[in-house]
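Working notes, structure below.
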Amino acid sequence: KIAELFGKGKTVFSCEVFPPKKTSPVDSIYKTLDGLKDIRPDFISVTYGAGGSSAVNQSTQEIASIIQNQYHITAMAHLTCVACTRGEAAELLAGLKRNGVENVLALRGDRNPDFPPKTDFLHADELVSFIHRRGDFGVSGACIPESPDMIHDIRYLKQKVDAGAQHLVSQLFFDNDDFYRFVERCRIAGINVPIEAGVMPVLNKGSIERMVSMCGASMPRKLTRILA
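Note that the sequence shown covers residues 1002 to 1229 in the working numbering.
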């Protein structure tokens, strides 16, 4: 379980991959995984299709299984509220368990205009609780170190942890002080699970600006000037 990797005196380092686009075969992920295995991440997480594409969601399960069983690296599969009914979530969890994938990241998920959102799970804490009750999974949740209403967000985050989240990974951020302040407030609120910093490499100006806009994060003026 991923939560067990923390607190042992070493830095935990993980990577995140996303399923290939519809036009690419799942096998194309091997090139990415071949490059990542040599840096020996503690685990690799696999994102979930936005909205409700069953093909993409199935490939999340398939790629997580490849990471776990062929590369022998701990895998964490993403699962989202907007893309799953209770029945679909139960089926995906059963498939992950059959393939030895023990860790799941429960998210609300981003809406996709091409797919109407599923409504069995309205908030991530409901999905966390559902996963927690179905088999011995390590359950992770997401958190936001930058927020205009931090008190509300931390109160909700405490609900996620109380529902069964054993590890949290943050959304991207660009000011370390924001993350440190956030962790301190979480500890004061009684959230004592490991909180992992989500780091987004800046590969090009357009992609990072798009991601920042989607996530509601902010960029320091210094970084904005560098990108310009």
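Backbone N, C-alpha and C fix where the C-beta goes; we use that ideal spot for every residue, glycine too.
Residue 1192 sits in coil when the DSSP states are folded into three classes, being neither helix nor strand. Boundaries of the alpha helix (DSSP H) around residue 1153: 1151-1164. In the three-state reduction of the DSSP assignment, residue 1061 falls in the helix class, which pools H, G and I. Between the stretch 1147-1161 and the stretch 1205-1215, the count of C-beta pairs closer than 8 Å stays below three; the two stretches do not touch. The Cβ atoms of residue 1043 and residue 1003 sit closer than 9 Å to each other. In this structure residue 1177 is exposed. Its beta-carbon is surrounded by fewer than 16 other beta-carbon atoms within 10 angstroms. When the five nearest sequence neighbours on each side are left out, the beta carbons in the same chain lying within less than 7 Å of the beta carbon of residue 1220 are those of 1175, 1213, in order along the chain. Inclusion of residue 1062 and residue 1110 in the CB contact set at 9 Å is not warranted, their separation being larger than that value. For residue 1077, the secondary structure class from DSSP, reduced to helix, strand or coil, is strand. With a beta-carbon spacing of about 6 Å, residue 1066 and residue 1102 fall inside the 8 Å limit used to define contacts. Comparing alpha-carbon positions, the option among 1076, 1075, 1106 lying closest to residue 1090 turns out to be 1106. In the assembly as shown, residue 1073 is an exposed residue. Its beta-carbon has fewer than 16 other beta-carbons within 10 Å. In the DSSP assignment, residue 1030 forms no beta bridge with any residue. Per the coordinates, the alpha-carbon of residue 1130 lies some 20 Å from the alpha-carbon of residue 1171. Between residue 1179 and residue 1149, the gap from beta carbon to beta carbon reaches 9 Å or more. With a 10 Å radius around the Cβ and a threshold of 16 neighbouring Cβ atoms, residue 1025 comes out exposed. Under the DSSP assignment, residue 1168 falls in the beta strand (DSSP E) whose first and last residues are 1168-1171.
For residue 1144, the beta-bridge partners assigned by DSSP are 1171.
A Cβ-Cβ contact shorter than 9 Å links residue 1119 with residue 1082.
The three-state reading of DSSP puts residue 1103 in coil, since its state is none of H, G, I, E or B.
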